[in-house]
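Notes to accompany the following structure.
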Amino acid sequence: MQLDYLDNYNGLNENIVRLFDFDKAEAIKFRNLLQETVINKKQKLDLSLIDFVNTENYNLIFGLFKTDEGILTKDNQTFFCILTLDGFIKMISLLDPFCKKESKGYQYLYDIDTPTDLLFAPHAN
């Protein structure tokens, strides 16, 4: 699984933090980590500490907050995905199709009006 950032990808100052290049097994590991760490234990999930995620140039940290804020960053290298418990529960359900079978599709992992989206895509295209 790779993590990267696409700045102003469409010329409208919209950005994407993208988790890509993974198979069903890694999708399951990722979903289970989110479930166990963020939802069950209510702790932050720092992807730089996860061995199957390549965070060479960027990092993404998931954490609970009182409102759904989406992706925040100060430096376009370290990103924070800040959602409510309900927001993360919805994210888990959006990950489920990737955990049931290999997929060529993609999914945005939240629906919040922010300049930066979080994209989950098995393939880079």
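Residue numbering for the sequence shown follows my numbering, starting at 2 and increasing by one per position.
Note that CB positions come from ideal geometry on N, CA and C, so glycine has one too.
Just so you know, these numbers come straight off a predicted model, no measurement behind them.
Can you have a look at L13 and say buried or exposed, based on whether 16 or more other CB atoms are within 10 angstroms of its CB? Counting from 1 along the sequence shown, the entry for residue 13 is found at position 12. In this structure L13 is exposed. Its beta-carbon is surrounded by fewer than 16 other beta-carbon atoms within 10 angstroms.
Distance between N58 and D76 (C-alpha atoms, nearest Å): Within the sequence shown, the letter at position 75 stands for residue 76. Within the sequence shown, the letter at position 57 stands for residue 58. Whole-angstrom Cα-Cα distance: 12 Å.
Burial state of D87 (16 or more Cβ within 10 Å): Mapped onto the sequence shown, residue 87 falls at position 86. So D87 counts as exposed.
Determine the closest residue to L61 out of T68, L48, N55, with distance taken between C-alpha atoms. Position 60 of the sequence shown, counted from the start, is the residue given in the question as residue 61. Closest by alpha carbon: L48.
According to the Cβ coordinates, are D22 and Q3 closer than 9 Å? As a position in the sequence shown, residue 22 is number 21, starting the count at 1. As a position in the sequence shown, residue 3 is number 2, starting the count at 1. Result yes, Cβ atoms of D22 and Q3 sit closer than 9 Å.
Reference R66; option with closest CA among N9, C100, I29, C82: For the purposes of this step, residue 66 is identified with residue 65 of the sequence shown, where counting begins at 1. Checking the displayed sequence, the identity of residue 66 turns out to be Phe instead of Arg. Among N9, C100, I29, C82, the Cα nearest to that of F66 belongs to C82.
Output yes if chain C places a C-beta closer than 9 Å to the C-beta of Y6; else output no. Among the protein chains of the structure shown there is no chain C, as only one such chain exists.
Please state the DSSP three-state secondary structure of G12. Counting from one through the sequence shown, the residue named residue 12 turns up at place 11. Three-state DSSP puts G12 in coil, outside helix and strand.
Identify which residue in K43, D114, N9, F99 has its Cα closest to the Cα of E27. For the purposes of this step, residue 27 is taken as the residue at position 26 of the sequence shown. The candidate whose alpha carbon is nearest that of E27 is F99.
On the premise that T115 lies in contact with G71, defined as a C-beta separation below 8 Å, what is that separation, rounded to the nearest angstrom? Along the sequence shown, one-based indexing puts residue 71 at 70. Along the sequence shown, one-based indexing puts residue 115 at 114. Correct: roughly 4 Å between the Cβ atoms.
Residues near I51 in its chain [Cβ-Cβ closer than 6 Å; skip 5 each side]: Reading the sequence shown from its first residue, position 50 is the one you call residue 51. Exclusion of the five residues before and after I51 leaves no residue of its chain whose Cβ lies closer than 6 Å to its Cβ.
Apply the 10 Å Cβ neighbour rule to A122 and answer buried if 16 or more other Cβ atoms are within range, or exposed otherwise. Taking the sequence shown and counting its residues from 1, one reaches residue 122 at position 121. It is buried - the Cβ of A122 has at least 16 other Cβ atoms within 10 Å.
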